[in-house]
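Undergrad: Have a look at this one before I ask anything.
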Amino acid sequence: MNDIYFDPMETYSPAGYTPELSSFDFFPTTLHIQNSFQSPNQYPQTLLQTPGGSVGYAPLYDWEYAASETFSAVTTAPPATTVEIDYDQKHTDQSTYAARNGDPYILERKVKMEIADLKNSVIGVDATAYLQQMIIGSASEPLLAALGGDPLTLKQQIGEELDRWKSNNMTPVFVFDGQSNVGKNEVALRKAKEGLGQTTRAWKYYGDTHPEIAVQTFGASGAIRAQELYKILQEVLVERKLDFKIAPFSACAQLAYLLSLDTHYIDAIMGSQELLLYDIHDAIIFPPSSDDWDDKLVYGVLKSDILEHLKVTPEMLADALLMVGTSFLPPFPPLKDVSIITKQPASIKDAANLLRTSEKSVSSTCNAFSDILQQEDPKWLDKYRKAKMLVKHCCIVHEDGKLEVKHSDVLTGDNQEYLGLRLRPNYTTTSHRL
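Each residue of the sequence shown is one higher than the last, beginning at 3 in my numbering.
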């Protein structure tokens, strides 16, 4: 495959696009997977189904413009202070697996199941979350932020991972993010600026003869974005004749739709907590680490369990998830204030508690903390409203290739402000043969 510039509205498979997808009747239904999770807390369990979560897609030219010098060597930086060294030692020690670096409360609710229970299943996989897990886990190359380029071993690691899928009789269907949602570029730029501070400190440690801390700090800088590695994963999938899809916008929204199909196109989905924003039933599988594969286990969370123990409605859970930050919305500034939330990072439980103090309304919560918002992010409430509408009116592609904007009958006239530019609603994807 020579052309790596994919149309985000198109569906790809080694045999070309097929308007009518097969029902996969020979794969287990959701009831087969039901109750497979083993909850250490002995709570009621349902099915292992749903992930997604993306980091966000900033077009390459936007990213290069915004952060072209973000990760360049800063050898003239002043010496590192003791406070900085202590901070980065503590920070890097806490960097484990991508799937384990999510919301603290959600991770407390994680449950497990044996990989054997997923035998003969088709799993929809959010490519962004999966790649993020790999570059922090098995394919981690800490000095990549200093050296630049792609991870040298990533293609090999992807091949080995796919071999494990095959040996366990599981089939992945990867879904990639498409066009950038409103807000994603801003979040990506914020992360680039944070990465700049991290790499600057790393070069300080290097200049001050603290090589071990320098390597750890480079590795924790977040300099490598999963979206920049799409082409590597796609090349491997094509070589192995595995199907994959490119969503119109959000892979999370597309995975939620695929999971809802009566044809059982996929039996479960794998990714991050961001898919909890969508109407799913009921679980998210975290991308497995090398240790998970060795232990023959996968971990995930159940949306029903989180709703039950937080004692919130799906609407309030979505608000809490948005407040702690997503790939297209920065966190609610007061949640990052240690004088308000002493235990950082803040969790969705902290966000839910703030909502309870303000009539369970995000607008009222913003009014209560207007002084902090005015200083930190005066337009945060407007960004939240756009993010809320973006989730409600998410854009997905149907099995026959037609695009749909959810709840289009109540779409507001200024929808381009939160959905961004897009193709006309009756646009149909074209067929392609790789």
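Ideal Cβ positions, reconstructed from N, Cα and C, are used throughout, including at glycine. Because the structure is a prediction, the values reported are computed rather than measured.
Terminal residues of the continuous alpha helix (DSSP H) containing A129?
TA: Looking at the DSSP string, the run of the alpha helix (DSSP H) that includes A129 is 129-138.
Undergrad: Report yes if the C-beta distance between L392 and L421 is below 8 Å; otherwise report no.
TA: Contact flag set, yes.
Undergrad: Which residue's Cα is closest to the Cα of S292: V113, I117, L413, G104?
TA: Measuring from the Cα of S292, the nearest candidate turns out to be I117.
Undergrad: I'd like to check one pair, G126 with L279: are the Cβ atoms closer than 8 Å?
TA: No, these two residues do not count as a Cβ contact at 8 Å.
Undergrad: Can you tell me whether T202 is buried or exposed? The criterion is at least 16 other CB atoms within 10 Å of its CB, across all chains shown.
TA: By the 10 Å Cβ count, T202 comes out buried.
Undergrad: By the 10 Å Cβ neighbour count, where 16 or more other Cβ atoms means buried, how is S123 classified, buried or exposed?
TA: It is buried - the Cβ of S123 has at least 16 other Cβ atoms within 10 Å.
Undergrad: Take the Cβ of D402 as the centre, count every other Cβ of all protein chains shown within 10 Å, and call the residue buried at 16 or more, exposed below.
TA: When all chains shown are included, D402 counts as exposed.
Undergrad: According to DSSP, is Q418 helix, strand or coil?
TA: Residue state, collapsed to three classes: helix.
Undergrad: Could you please give the first and the last residue of the uninterrupted beta strand (DSSP E) stretch that includes C397?
TA: It spans 397-399 - the beta strand (DSSP E) in which C397 sits, taken as one unbroken run.
Undergrad: I'd like the list of long-range same chain contacts for N171, defined as Cβ closer than 7 Å, with 5 residues on each side in sequence excluded.
TA: K121, N122, listed in sequence order.
Undergrad: For M318, name the three-state secondary structure that DSSP assigns.
TA: Correct three-state label for M318: helix.
Undergrad: With a floor of 3 residues, list each beta strand (DSSP E) that falls wholly inside the segment 189-257, ordered by position along the chain.
TA: The qualifying runs are 246-248.
Undergrad: Please state the DSSP three-state secondary structure of E361.
TA: DSSP places E361 in coil when its eight states are reduced to three.
Undergrad: For P347, I'd like the list of residues in its chain whose CB is within less than 7 Å of its CB, leaving aside the five on either flank, ordered along the chain.
TA: Answer for P347: P106, listed in chain order.
Undergrad: Return the first residue and the last residue of the beta strand (DSSP E) that I374 is part of.
TA: First-last for I374: 372-378, but that is the alpha helix (DSSP H), not the beta strand (DSSP E).
Undergrad: Tell me the rounded alpha-carbon separation between V314 and K362.
TA: Answer to the nearest angstrom: the Cα atoms are 10 Å apart.
Undergrad: Count the other C-beta atoms from every protein chain shown that fall within 10 angstroms of the C-beta of F73, then say buried if there are 16 or more, exposed otherwise.
TA: For F73, the predicted structure reports a pLDDT of 34, less than 50, and the residue's modelled location is therefore unreliable. A value from the coordinates is still provided. Classification for F73: buried.
Undergrad: Could you name each continuous alpha helix (DSSP H) segment of 4 residues or more that falls completely within the segment 292-356, going from the start of the chain to the end?
TA: Listed in chain order, the complete alpha helix (DSSP H) runs (minimum 4 residues) inside the segment 292-356 are 292-297, 305-312, 316-325.
Undergrad: Just the Cα atoms here: how many angstroms apart are C254 and M272?
TA: So the two alpha carbons sit approximately 10 Å from each other.
Undergrad: May I ask you to list the residues that DSSP assigns as paired with K381?
TA: Note: K381 sits in no beta bridge, so no partner.
Undergrad: Could you say which of P336, V113, T155 lies nearest to L235 if we only look at CA atoms?
TA: For L235, the nearest C-alpha among the options comes from T155.
Undergrad: Taking the alpha carbon of E162 as the point to measure from, which residue in M136, N187, D179, L257 has its own alpha carbon closest?
TA: If we check each option's Cα against that of E162, M136 comes out closest.
Undergrad: Should Y386 and V364 be called a contact, given that it needs their Cβ atoms to be closer than 8 Å?
TA: For Y386 and V364, yes; Cβs fall inside 8 Å.
Undergrad: Take every Cβ of the segment 333-340, pair it with every Cβ of the segment 302-316, and state whether three or more of those distances are shorter than 8 Å.
TA: Flag = no, the segment 333-340 and the segment 302-316 do not touch.
Undergrad: Roughly how many angstroms separate the alpha carbons of L319 and I350, rounded to a whole number?
TA: Their backbone Cα atoms lie some 8 Å apart in a straight line.
Undergrad: May I ask you to report which of helix, strand or coil DSSP gives G126?
TA: It is a strand residue.
Undergrad: Going straight from the alpha carbon of T52 to that of K233, what length do you get?
TA: Interpretation of T52 is limited by its pLDDT of 29, a score under 50 that renders its predicted location unreliable; the figure taken from the coordinates is listed afterwards. Cα to Cα, the separation comes out at about 24 Å.
Undergrad: For L423, which three-state DSSP category applies?
TA: Residue state, collapsed to three classes: coil.
Undergrad: So what does DSSP say about T265, is it helix, strand or coil?
TA: T265 falls in the coil class under three-state DSSP.
Undergrad: Per DSSP, F176 is paired with what?
TA: Looking at the DSSP assignment, F176 forms a beta bridge with V127, F246.
Undergrad: Spatial neighbours of D2 within its chain, please: CB distance less than 7 Å, with the 5 preceding and 5 following residues excluded, ordered by chain position.
TA: Beyond the ends of the chain as shown, which are 3 and 436, falls residue 2; an answer cannot be given.
Undergrad: Buried or exposed, going by whether 16 or more other CB atoms sit within 10 Å of the CB of T219?
TA: Buried, since its Cβ has 16 or more Cβ neighbours within 10 Å.
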